[in-house]
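In the working numbering, the protein residues as written are 160 to 692.
Even for Gly, the Cβ is constructed at its ideal location relative to N, Cα and C.
Predicted, not measured: the structure shown is a model, and the values here were computed from it.
Right, dumping it as structure tokens:
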């Protein structure tokens with residue numbers, strides 16, 4: 160019976176349509192008006208009947224054009240922690256997840272030696288300015304505290320940022336020293352070997368660098384360094400990229416008075432915001448697909464055809480950002496025996512320690528120059544030990560941490576030069592390109608020391624590889640590496656007439672092909688021809 164009623168109803172509706180008896184237009188409800196409730200009916204089941212289905216040609220209305228829905232760009236969520244509070248809580252909590260070592264939950268901080276301004280008050284003032292600046296730029300903000308009269312431990316502050324899924328966690332502080340002459344801005348993050356959250360190191364280090372650069376540029380203050388440490392509970396408990404900002408020294412007369420002024424506080428907030436802009440721009444750039452230069456790629460592939468040794472080649476056009484890379488019999492772990500190419504990373508680590516105030520230029524410049532220009536192994540070993548305070552193993556750890564900070568996953572300093580301990584030192588062509596690009600762009604340690612490193616590389620005395628493949632008046636800043644029977648390489652920056660580029664060529668087991676250096680010259684010629692045409 161229900162089937163017959165359904166068929167009859169369909170025929171009746173069709174007749175009404177053909178006769179022009181269209182149903183009334185539906186009422187358009189204004190936003191917020193209540194839709195009348197209708198009784199909920201079970202759907203009528205009608206078996207398909209091809210004979211009773213009318214043709215729809217000429218009967219259906221053209222669908223109205225719909226405006227495309229463009230999603231709003233995702234907003235970054237920033238957790239801002241104004242460090243300390245009015246009353247400290249000196250009971251203890253674990254310094255990191257599952258740690259037996261305990262540390263005070265939270266202190267009230269320092270205060271201005273000359274202004275009397277409490278650090279916890281300064282931190283909240285700048286944090287509030289930063290929130291306003293970030294919201295004006297389209298960020299979302301989570302304030303860990305908005306009052307001085309709170310009791311929130313450092314572990315709890317990190318937990319709040321974690322639970323919110325913050326894209327960055329900024330902990331705002333001011334510094335103090337027994338030496339009233341000490342001044343400047345520093346930032347902090349974890350070390351690459353942090354036992355609690357080392358996976359966050361690359362992003363946290365990038366965040367710390369960006370914040371430091373932004374604040375120094377905005378204020379003109381002295382740039383101290385990024386202090387990598389695993390002693391901060393609020394960092395160790397974080398599960399999101401995190402950095403502590405030390406805005407200046409409240410024990411220095413000039414800086415204490417600056418920190419107490421509204422104009423300087425605003426500069427600090429704007430500098431931090433600029434740093435965050437730069438940090439997220441860098442994250443987007445790192446996720447962007449890398450473009451390959453097809454002509455260059457073909458040249459590299461052709462150059463390695465028929466070889467039997469292990470080869471790793473990487474080239475980047477510094478004008479367009481396009482790259483090409485090729486490898487032959489590359490080890491599964493991607494690591495190539497480095498010979499003296501590892502000295503690039505020793506140089507970088509040395510100048511990072513100079514910037515941090517741990518070493519002085521007068522201590523290191525002569526040895527760095529000899530290590531790079533004539534590949535002096537004794538100079539290299541002295542510098543490695545100096546990095547470790549006399550301990551070679553600690554010095555090697557400093558170099559490896561520096562390499563990791565650049566994102567170089569294949570670089571390892573495992574022994575001193577010519578030391579026979581059964582281990583080898585390793586790099587990859589891409590890792591060498593990473594530090595060379597940082598030097599070229601002025602971001603390896605800082606612009607000043609990047610320029611210093613570039614000059615050392617321009618002074619290279621062994622010029623029978625990359626430079627031999629380009630015109631004689633071309634400037635090449637490079638480093639060679641040789642280890643008898645194991646490794647032959649050359650990596651550098653070519654400052655060409657049309658465009659600059661990075662070229663890194665490494666051959667392991669070089670005697671298999673007989674004349675690895677000559678092959679590097681050939682590859683250098685081909686790359687120059689493609690990029691300068």
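Are residue i and residue j closer than 7 Å when you measure CB to CB?
i	j	result
residue 334	residue 265	no
residue 635	residue 687	no
residue 498	residue 642	yes
residue 366	residue 439	no
residue 587	residue 569	yes
residue 381	residue 343	yes
residue 400	residue 359	yes
residue 397	residue 307	no
residue 601	residue 609	yes
residue 658	residue 613	no
residue 500	residue 648	yes
residue 375	residue 331	no
residue 303	residue 240	yes
residue 147	residue 662	In the structure displayed, the chain extends from 160 to 692; residue 147 sits before or after that span and is not available.
residue 660	residue 477	yes
residue 560	residue 256	no
residue 341	residue 408	yes
residue 432	residue 325	no
residue 555	residue 527	no
residue 270	residue 263	no
residue 404	residue 511	no
residue 670	residue 631	no
residue 530	residue 563	no
residue 585	residue 652	no
residue 533	residue 620	yes
residue 675	residue 623	no
Rank the options by C-alpha distance to the C-alpha of residue i and give the top, closest one.
i	options	result
residue 596	672, 654, 437 and 352	654
residue 105	434, 591, 268 and 580	The structure shown does not extend to residue 105, since the chain is modelled only from 160 to 692, so the question has no answer here.
residue 667	289, 494, 299 and 257	494
residue 346	267, 430 and 277	430
residue 274	420, 678, 674 and 527	420
residue 517	690, 360 and 546	546
residue 389	253, 681 and 677	253
residue 712	670, 671, 664 and 581	There is simply no residue 712 to check, as the chain begins at 160 and stops at 692 in what is shown.
residue 290	269, 256, 317 and 329	329
residue 242	326, 466, 391 and 336	391
residue 338	324, 272 and 378	272
residue 298	236, 402, 509 and 323	236
residue 410	549, 336, 393 and 529	336
residue 234	555, 469, 407 and 327	327
residue 575	607, 542 and 405	542
residue 572	606, 377 and 557	557
residue 362	524, 395, 402 and 508	402
residue 426	548, 405, 451 and 373	373
residue 319	581, 646, 452 and 394	394
residue 450	479, 441, 463 and 435	479
residue 515	412, 368 and 491	368
residue 536	639, 553, 387 and 268	639
residue 693	627, 355 and 383	Residue numbering for the chain in the displayed model covers 160 to 692; residue 693 lies beyond these limits and cannot be assessed.
In the DSSP output, what is residue i paired with across the bridge?
i	result
residue 649	639 and 664
residue 401	328
residue 262	252
residue 484	473
residue 682	According to DSSP, which records beta bridges pairwise, residue 682 is partnered with nothing at all.
residue 571	585
residue 654	634 and 659
residue 495	586
residue 451	482
residue 301	238
residue 605	None; residue 605 has no bridge partner.
residue 417	BP columns for residue 417 are empty, so no partner.
residue 277	270
residue 334	408
Should residue i be counted as a contact of the ligand FAD given a C-beta to heavy atom distance under 6 Å?
i	result
residue 493	Among the ligands in the structure shown, none appear at all, so the ligand FAD cannot be discussed.
Practice item. Please list the segments of the alpha helix (DSSP H) lying wholly inside the stretch 336 to 411, counting only runs of 4 or more residues, in order along the chain. Key: 360 to 378 and 392 to 395
Check your understanding: Counting only runs that start and end within the stretch 518 to 556, where is the alpha helix (DSSP H) found for 4 or more residues in a row?
Key -> 520 to 532 and 536 to 546
Review point. So, do the stretch 480 to 493 and the stretch 453 to 469 have three or more beta carbon pairs nearer to each other than 8 Å?
Key: yes
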